[in-house]
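Notes to accompany the following structure.
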Amino acid sequence: MKFTSKRPHFEYLKNKWTARHKSLQNKLWDKHKISLIGGLLLLTVPNPIALPISQPIHAKDDILAGFDENAVLAKKLQDDLPKEVRSLNPDEEENLLQTLSGYFGFEVTGAIEGIKLNRNFGLIGGEQHLYRYPGDNVYAHAENTMDWAKYGSAGIASGLGAWGYFSPSKQEFTDIDKMREKYYLAIQTFLAPGFAENVAKYRDFFKYRKILVINPKTGQAVVAVVGDAGPAEWTGKHLGGSPEVMDALGLAMGPRKGPVLYFFIDDKENKISLGPK
Amino acid sequence: MNYFYTKYIVVEKLIEEFHQMDLSKDEQHHLALLVDSSLHHAILDEILSNLSGQDKKLFLKFLKDDPENEKLMDFLKDKVEGVEEKIKKAADDLVKEMHQDMKKAKEK
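The listed protein sequences derive, respectively, from chains A and B. Under my numbering, think of the first position of the first sequence as 107, with each following residue one higher. Under my numbering, think of the first position of the second sequence as 3, with each following residue one higher.
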């Protein structure tokens, strides 16, 4: 009896693409005299020996990226942080700022130009992608198909971020704009002390302001920018993270929510790059 | 993972097709890995086919040290005429083939 897969479209692609992959791999190795360059090439191709495989590949290594090397930080934070997710008192905040500045090697601070966040320890929730320029779509956000597999399901928000498009047009869209959307946060700017009296000033201050976010349970950290305002107070969450931010924090799976620390970075010379730390 | 050539590769068509397919998360990851790895092999083949033995070794060392570094493209531009177009063509040809495969898969 002929075997029929429950998912023939997947089986068809898996078989066809595995065969093609093997052929490309063999061609590369045979043609370029692999004996001369040996293991060097092995280290340059993704997953060189795992394909073809019978079971789907789990790319869980990314979720745990940085876990081991940040374990010391996680231990320290767990010792210093309150057990419940609440606002920090000034002593706790000062102690944490010293720890984080020392660990990361740049100035982590609770206030810049006298402006503070409404809190620095709170619950982050996963956000959707944002439109980056007029005509943008969710497919264009993926730089490769693995990006799509990891982040595509988050979708794209129907409205624009608090500061509109990241770029006025696709033609003017730069790598800086791309990274800002990739690693953006939604911050409750409207709850920052003094916001109501200084709306225009605070709006300009918060736009793309760099923030360090840390998952205290794992020590995983990411530098991101403020790209949107939110979430609403009634959600019970205190900030939101782009799909890539949530992945960098190890919070991309399951409920896509968890407690994090978040502070400003004083980066006057704009030397600190966005992304996982 | 991104590479120095990522900005020359356009996979939007494949992603659009993926979006319309009924695939589990594991199946998505599996197929995505096959696409990215196949593209990587095809592009490496194209590049290495245009480099001398010593330059191949140098290129692979640079790639191993910092695969995202855009200076790798500067190195290649010095060695291979029209290398950007060659990379784009190698990728586009493979993307077209895979796009056709996906259309056939949808008929299954």
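Backbone N, C-alpha and C fix where the C-beta goes; we use that ideal spot for every residue, glycine too. These figures come from a predicted structure and were not determined experimentally.
Under 8 Å between C-beta atoms of residue i and residue j
i	j	result
A/Glu287	A/Leu236	yes
B/Lys90	B/Tyr5	no
B/Leu36	A/Trp123	yes
A/Tyr245	B/His31	no
A/Leu345	A/Asn226	no
A/Leu291	A/Val329	no
A/His115	B/Lys110	yes
A/Thr205	A/Asp372	no
A/Arg362	A/Gly231	yes
B/Leu41	B/Ala107	no
A/Asp186	A/Asn201	yes
A/Gly333	A/Tyr314	yes
A/Phe311	A/Leu203	no
A/Pro365	A/Leu229	yes
B/Lys81	B/Leu46	no
B/Leu193	A/Thr251	Only positions 3 to 110 of chain B appear in the structure, and residue 193 of chain B is not among them; the question remains open.
B/Thr8	A/Glu249	yes
Residue i in three-state terms, based on DSSP
i	result
A/Thr205	helix
A/Lys120	helix
A/Lys128	helix
A/Val178	helix
B/His21	helix
A/Asp372	coil
B/Phe6	coil
A/Ala327	strand
B/Leu35	helix
A/Gly145	Residue placement at A/Gly145 is poorly supported in this model, since its pLDDT is 48, which falls under 50; the coordinates are not used for a value here.
B/Lys27	helix
A/His235	strand
A/Leu194	coil
A/Lys222	strand
B/Ala93	helix
A/Ala382	It is Pro, not Ala, that sits at residue 382 of chain A in the sequence shown. Here A/Pro382 sits in strand by DSSP.
A/Ile230	strand
A/Pro162	Only weak support is given to the placement of A/Pro162: the predicted model assigns it a pLDDT of 37, under 50, and the value that follows is read from those uncertain coordinates. A/Pro162 falls in the coil class under three-state DSSP.
A/Pro361	coil
B/Gly55	helix
A/Leu367	strand
A/Leu345	strand
A/Val214	strand
A/Leu291	strand
B/Lys66	helix
A/Val351	helix
A/His115	helix
Exposed unless 16 or more other CB atoms sit within 10 angstroms - verdict on residue i
i	result
B/Ser39	buried
A/Thr295	buried
A/Gln131	buried
B/Met100	buried
A/Leu142	Note that A/Leu142 has pLDDT 46, beneath the 50 cutoff, so the model's placement of it is unreliable and no number is given.
B/Val85	buried
A/Asp167	For A/Asp167, the predicted model reports a pLDDT of 45, less than 50, meaning its position is unreliable; a value from the coordinates is still stated below. When all chains shown are included, A/Asp167 counts as exposed.
B/Val97	buried
A/Gly325	buried
B/Glu72	exposed
A/Trp254	buried
A/Lys377	exposed
A/Pro382	buried
A/Gly347	buried
A/Val178	exposed
B/Met3	exposed
A/Gly258	buried
A/Asn176	buried
A/Ala156	Note on A/Ala156: pLDDT 47, under 50, position unreliable in the model; the coordinate value appears next. Its Cβ having fewer than 16 others within 10 Å, A/Ala156 is exposed.
A/Thr280	exposed
B/Asp67	exposed
A/Ile293	buried
A/Ile282	exposed
B/Val13	buried
B/Asp95	exposed
A/Pro240	exposed
A/Pro349	buried
Cβ-heavy atom distance, residue i to the ligand FMN, below 7 Å
i	result
B/His101	Ligands displayed in this structure: none; no statement on the ligand FMN is therefore possible.
Proximity test, Cβ basis, 8 Å: residue i and chain C
i	result
A/Met352	Of the protein chains in the structure, A and B, none is chain C.
Problem set entry | Any beta strand (DSSP E) of 3 or more consecutive residues that is wholly inside the stretch 242-286 of chain A | The stretch 242-286 of chain A is shown to contain no whole beta strand (DSSP E) run of 3 or more residues.
Exercise. Quick one: any contact between the stretch 273-282 of chain A and the stretch 316-336 of chain A, if contact means 3 or more CB pairs under 8 Å?
Worked result: no
Problem set entry | Segment contact flag, the stretch 255-264 of chain A with the stretch 188-206 of chain A, C-beta cutoff 8 Å, min 3 pairs | no
For this session: Take every Cβ of the stretch 210-224 of chain A, pair it with every Cβ of the stretch 295-309 of chain A, and state whether three or more of those distances are shorter than 8 Å.
Result: The stretch 210-224 of chain A makes contact with the stretch 295-309 of chain A: 3 or more CB pairs, one atom from each, lie closer than 8 Å.
For this session: Only counting runs of 3 or more residues, tell me where the beta strand (DSSP E) segments fall wholly within the stretch 294-343 of chain A, in order along the chain.
Result: 316-320, 327-335
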